[in-house]
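Student:
In the working numbering, the protein residues as written are 757 to 1245.
#1: Using 10 angstroms around the beta-carbon of residue 1140, count the other beta-carbons present and answer buried if the total reaches 16, otherwise exposed.
#2: Can you list the alpha helix (DSSP H) stretches of 4 or more residues lying completely in the segment 1178-1223, in chain order?
#3: Where does residue 834 land, buried or exposed, given buried means 16+ other C-beta within 10 angstroms?
#4: On the DSSP bridge list, what partners appear for residue 920?
#5: Taking C-alpha atoms, which residue in 1100, 1098, 1002, 1093 lies nearest to residue 1054?
#6: Taking DSSP's pairing of strands, which residues face residue 1138 in a bridge?
#7: Residue 1040 and residue 1060: beta carbons closer than 7 Å?
#8: With a CB to CB cut of under 8 Å and the five nearest residues on each side skipped, what residues in its chain are close to residue 1045?
#9: Rounded to the nearest angstrom, what separates residue 762 and residue 976 at their Cα positions?
#10: Run through the DSSP bridge pairs and tell me what residue 816 is partnered with.
#11: Report back the beta-carbon spacing between residue 797 and residue 821 to the nearest angstrom; my notes put them in contact at under 8 Å.
#12: Assuming residue 966 and residue 1013 are in contact, meaning their beta carbons sit under 8 Å apart, how far apart are those beta carbons, in whole angstroms?
#13: In or out: residue 830 buried (at least 16 other Cβ within 10 Å) or exposed?
#14: What is the DSSP secondary structure of residue 876, reduced to helix, strand or coil?
#15: Tell me, to the nearest whole angstrom, how far the beta carbon of residue 875 is from that of residue 901; I am working on the premise that it is less than 8 Å.
#16: Does the segment 1128-1144 come close enough to the segment 1164-1181 to have 3 or more Cβ pairs within less than 8 Å?
#17: Can you tell me whether residue 839 is buried or exposed, with buried defined as 16 or more other CB within 10 angstroms of its CB?
#18: In the DSSP output, what is residue 1106 paired with across the bridge?
#19: What residue range does the alpha helix (DSSP H) around residue 909 cover?
#20: Just to check my reading of the structure: residue 1121 and residue 1149 have Cβ atoms closer than 8 Å, yes? What is that Cβ distance to the nearest angstrom?
#21: With DSSP run on the structure shown, which of helix, strand or coil describes residue 1174?
#22: For residue 1037, count neighbouring C-beta atoms within 10 Å of its own C-beta (all shown protein chains included) and say buried if the count is 16 or more, exposed if not.
#23: Output needed for residue 1205: all residues of its chain with C-beta closer than 7 Å, excluding positions within five of it in sequence on either side, in chain order.
#24: What number of angstroms, rounded off, separates the C-alpha of residue 980 from the C-alpha of residue 953?
#25: Restricting to Cα atoms, I'd like to know which of 1092, 1048, 1103 is closest to residue 1082.
#26: Mapping the DSSP letters down to three states, classify residue 846 as helix, strand or coil.
#27: Can you list, in chain order, the residues of its chain with a C-beta nearer than 6 Å to that of residue 877? Leave out the 5 residues immediately preceding and following it.
#28: With a threshold of 16 other CB atoms inside 10 Å of the CB of residue 986, please say whether the residue is buried or exposed.
#29: Hey, could you find the ends of the alpha helix (DSSP H) residue 1146 is sitting in?
#30: Report the three-state DSSP secondary structure of residue 1068 (helix, strand or coil).
#31: Could you give the first and the last residue of the continuous beta strand (DSSP E) run that contains residue 1057?
Here's what the structure looks like:
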C-alpha cells in the first residue's frame, strides 16, 4: 500500500510545473521511500519525465544527495540531479578531491563550490576530473584560488563545455590572467565573473587583447582597482565586442574612462552597465547621455559617482538612454533640482526601477517624484536616507501615479508613527510586496498599525530593523506572519 501511495505522489509531483520547490519535494519523497527495489523503479521512471525540466531546477545540496559525505556513497537518486550546491560547506581540498573522483557527478551541468575552501589543490582536482565533462557552469568564489589553480583550470581538457565561470574574491594574479586569456579550452565561455581579484589595468588589458574570449557576453570586474587605462582597453577591444553586460562597480574609473566606454564603437550591444562607486562626475554623465553606442542600454547604475544636479539633468535630457528600464543614481547629490529634471524627463519614462537613495531630496523632492506622469510605470522605488518626513509620505499616499509600485524602500527616513499609519492605510499602495522601514522611528504603535493594515494584503516582506519596537508591536507582526500576512520582517 505504501509503495502505491509513493508512486501516486511521485506522478503528481512530476506533473507539476517545473520549479526548484517541486524538485525538492521529489527528492524528499525518495528520501522517505522505504522499499529500495520500488525506489529504484521510481528513480528510473523520474529520469524520463525530468528530461524536459531546466537543469537549474534540478538542484540539490551535498547533504541532500550524500548525507554522510565524505564517507559512504551518494544516494541512488543522485542521478536525477543536474545542479549540485556545495556552497559554504567548507569541505576543503580533500573533500573536493573526493567529489571530483565520484562517477555520480557525470550528469552534472552546474556545480556551486562557493566558499568551499578548496584552494589551488581543490581546483586542480576538479580540472583533472573526467566526471565533469558536461559542466556548463561552475561557481568558485571565495576559495583562495591563485595563479596555480587558474593555470590548471585554463589547461583543463575536461572543462571545455563551460559557458559560465564565477571566480569572484580569489587571489588571481597576472600570471593567472595570462593563463586564462591564452587558453583555447575556454572558447565557449559566455559569462565570467572576476570580482574582487585586483587584476588592475594590466589584467583588464590582457582580457581585452585575448583572441580566445570572443564568446563573452557578461564580464564582472567589480572591485579590481581598475582605472581609466584598463577601461579604455576594454572599450577598444575587438575581441569583447559581443559583451551585453559589464560590471565595473567600486573601481577607480574617472570621466576619461567613462568617456571611452560611451564613445566605444565596439560596445553597441550593451544592455547593462554598472559603474557604481567610481568617479564618473558631471563630465562622465554627459558623455553617457550623448553616447552614440549605448542606445540598447536597459540598466545603468551610477550610484556614488558625484554627478550632481547637472549630471542628472544631462541624463534626463538624453535621447540615447530612452530604452532604460533600471536606473540607480543614489548618493550623487542630485538634490531637489536634479530630482525635478528626472521627474520631468520624457526620455526616462520607461523606467520601472529607480534608486535615488541618499540624495537629500527631502519632502519636496519626493513630492516632485510622486506627481510625475513620466514615472507612472515605476514598480520599484528606493528612497533610503533622504530626509523624508511626514509631509513626504502624505504626498506619496495621496497621489496615485505610483500605484504600480511593489517594492518601496523608505529606511532611514524619520517618518514616525504617523508616516507608517498613512502607508498602512493607503489605497494607492495596495500592490506593495516589500516595504523598507528600517530606522524610521515607527515604534510600537507603527508596528501594530502595519500588522493590522486592511489594505496591504500583498505585503510579504517588511524591514523594521533599527526601530524601538516593544513586545506588543513584535507580537502583532509575528501574529500577522503566522496568518500568512508576512513572510519575513
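We treat Cβ as the ideally placed atom computed from N, Cα and C, and that holds for glycine.
Tutor: In brief:
#1: buried
#2: 1199-1207
#3: buried
#4: 893, 947
#5: 1002
#6: 1111, 1165
#7: no
#8: 1070, 1071, 1073, 1074, 1076, 1077
#9: 45 Å
#10: 840
#11: 19 Å between Cβ atoms; not a contact.
#12: Their Cβ separation, rounded to whole angstroms, is 20 Å, which puts residue 966 and residue 1013 out of contact at 8 Å.
#13: buried
#14: helix
#15: 7 Å
#16: yes
#17: buried
#18: Residue 1106 pairs with nothing; no bridge assigned.
#19: 903-911
#20: Actually they are not in contact, since the Cβ atoms of residue 1121 and residue 1149 sit about 13 Å apart, beyond 8 Å.
#21: helix
#22: buried
#23: 1176, 1177, 1180
#24: 6 Å
#25: 1103
#26: coil
#27: 849
#28: buried
#29: 1146-1154
#30: helix
#31: 1055-1057
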